[in-house]
Amino acid sequence: MKVPLLDLKPQYLVLKKEIDEAIQRVVDSQFFINGPDVAKLEEEINSYLGVKYSVGVSSGTDALLLALMALNIKPGDEVIVPTYSFFATAGVVARLNAVPVFVDSDPVTFNINPALIEKKITPKTKVIIPVHLYGQSAEMKAIMEIAKRHNLKVVEDCAQAIGVQYKDGKYVGGIGDIGCFSFFPSKNLGGFGDAGICTTNDEKLYKAMKMMRMHGMEPKYYHKIIGGNFRIDTLQAAVLRVKLPHLDSWSAKRRENAALYTEYFLSSGLAETEGNISFDEMNKVLLPKAVYSNAGHKNYHIYNQYIIRVEKRNALWDFLKKKDIGCEVYYPVPFHRQECFEYLNCNDEEYPIANCAANDSLALPIYPELTNAQIKYVVDSISEFMKEEMKYPMECKHCDCMK
Ligand SMILES: *Cc1c(COP(=O)(O)O)cnc(C)c1O
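Just add 1 to wherever you are in the sequence shown, counting from 1, and you've got my numbering.
Here's what the structure looks like:
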């Protein structure tokens, strides 16, 4: 049986007629830049997320860059980011000649650990960028309190988390000063190419981002501030407007798939409980945990990724490849170990959780259209691997996280 990590075709086929019509409408109008679909998408995102303003942009990366530019981040300013995320979260900081300051992860969610943030704050710190990794919210209450205490801004990296509600029911992207979303095709709401959006409840930041999206131009050819070309294509906005009304049902399907994985893993005896953080028995798989699933609202986790942890991760990955099962590692190298950040002279020992995550985590297929049979096949294949390969006592070679 073939189980790809992600298959975008079934989703397109269901919406093909509407999407093709939306694209044709833009093509017929020849209004490719700032067409009416852009403003409409922004309004629809505002009402979906319950935010006042949003600015469609060219990618999730540019959303983060634009957010930092609108917050006037200057060379030498420090920006606190988790060490475990997609590269863009730290890359945008360095591109402004500001200094990314890395913080280790929470052992259950792999989100930034708020308890480790304050000791990284200096007089140069300006912004904290929590990432809502894999589709569940970072611990925003603690993060917002720290930010308030030290007069810092908060930019939420929501690239993997569109439609996620924090434990109080508020949507991520409307909690900090600016929310940054990606519509990269593999995200839960994906365009037909690169696109993204910035959200805010602050009118001043909204106006700054809107001007900076067009080279800081207002009126035409007069530039009060320096921006860039950060525009979203009208074509992308048109496609995304067709998809947005379906997002919640896709997220629900992802949660159902996650629940099925958990059920199969538990009933096969391969795993004990969700959110277990230590390999204290042989032949165990550690399952992800939705930490706000009891909060009483539906979008507590949207499972952009379903991440298990296993010893001998690379061997399992190879084994599953041979079984035609697509998997991926998000991410094999935390920021503090990246070659391009060598100049920051990070202390590797400060990041035991991220280092372990990089070594033992594996993303399984979780997209909405997966069948129960496919999910069962993935778990059965992992079970087969464990029985054959894992007959030895386990220990973490990097730290004592498993003791
Ligand atoms: C995908 C992603 C980005 C970047 O989005 P692009 O649209 O690919 O530029 C930023 N941060 C995180 C956490 C992401 O997953």
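Glycine included, each C-beta is placed from N, C-alpha and C at the ideal position.
Nearest-angstrom Cα separation, counted from residue j out to residue i
| i | j | result |
| --- | --- | --- |
| L16 | K244 | 8 Å |
| F231 | I303 | 27 Å |
| I129 | A160 | 16 Å |
| S1 | G297 | Given a span of 2 to 404 for the chain in the structure shown, any question on residue 1 remains unanswerable. |
| V330 | S30 | 42 Å |
| F193 | E282 | 44 Å |
| F342 | F336 | 7 Å |
| V28 | M212 | 26 Å |
| E389 | Y135 | 30 Å |
| M422 | M2 | Since the first residue shown for the chain is 2 and the last is 404, residue 422 is missing from the structure and cannot be characterised. |
| S294 | M210 | 34 Å |
| L14 | K322 | 27 Å |
| V334 | I113 | 16 Å |
| D21 | L345 | 48 Å |
| G61 | Q375 | 31 Å |
| E43 | E146 | 29 Å |
| A143 | V173 | 14 Å |
| G327 | A355 | 23 Å |
| K208 | K377 | 50 Å |
| E19 | R242 | 10 Å |
| R314 | S382 | 14 Å |
| F266 | E370 | 20 Å |
| P76 | P353 | 29 Å |
| I46 | D195 | 17 Å |
| M215 | I226 | 10 Å |
| L236 | I24 | 6 Å |
| E273 | L287 | 8 Å |
| M218 | G36 | 18 Å |
| E119 | N73 | 22 Å |
| K10 | Y301 | 26 Å |
Bridge partner(s) assigned by DSSP for residue i
| i | result |
| --- | --- |
| D234 | I34 |
| H224 | M218 |
| I309 | L363 |
| N126 | The sequence shown places Thr at residue 126, not Asn. According to DSSP, T126 bridges with E79. |
| T201 | Y54, I179 |
| D158 | V132, C181 |
| I287 | Position check: residue 287 holds Leu in this sequence, whereas Ile was assumed. DSSP output for L287 lists R310 as bridge partner(s). |
| Y172 | Q166 |
| E275 | L288 |
| E329 | A364 |
| I113 | S106 |
| V4 | I326 |
| P101 | V80 |
Candidates the options, of which the one nearest residue i by Cα
| i | options | result |
| --- | --- | --- |
| G164 | N112, R256, C347 | R256 |
| L493 | F336, L317, E385 | Nothing in the structure corresponds to residue 493, since the chain is present only between 2 and 404. |
| M70 | M141, G229, F33, H337 | G229 |
| S187 | S382, I376, P5 | P5 |
| Q339 | Q237, Y222, A91, Y368 | A91 |
| E204 | F280, D178, I376, K221 | D178 |
| I233 | N98, L9, D78, F184 | F184 |
| V80 | A259, N348, P101 | P101 |
| K324 | K290, T274, V380 | V380 |
| I278 | H247, I122, K290 | K290 |
| V132 | D169, L65, I367, P246 | L65 |
| V292 | I122, S138, C357 | S138 |
| V93 | V39, V156, E119, K120 | V156 |
| N305 | Y223, C199, G276, N189 | N189 |
| N360 | G180, F111, D158 | F111 |
| C181 | D78, N98, L67 | L67 |
| T126 | T200, Y332, K154, G170 | K154 |
| S384 | A358, N202, L271 | L271 |
Residue i at chain D interface by Cβ criterion, 7 Å
| i | result |
| --- | --- |
| A272 | No chain D is present in this structure, which holds just one protein chain. |
Inter-stretch contact (C-beta, 8 Å, three-pair minimum) for the segment 46-63 and the segment 250-267: no
Shell residues, 6 Å Cβ cut-off relative to heavy atoms of ligand 1: S60, G61, T62, S86, F87, A89, T90, V132, D158, A160, Q161, S183, F185, D195, G197
The segment 27-44 touching the segment 147-155, judged by at least three CB pairs closer than 8 Å: no
Segment contact, 8 Å Cβ cut-off, at least three pairs: the segment 105-112 with the segment 77-86: yes
Sufficient close CB pairs (3 or more, under 8 Å) joining the segment 54-63 to the segment 306-314: no
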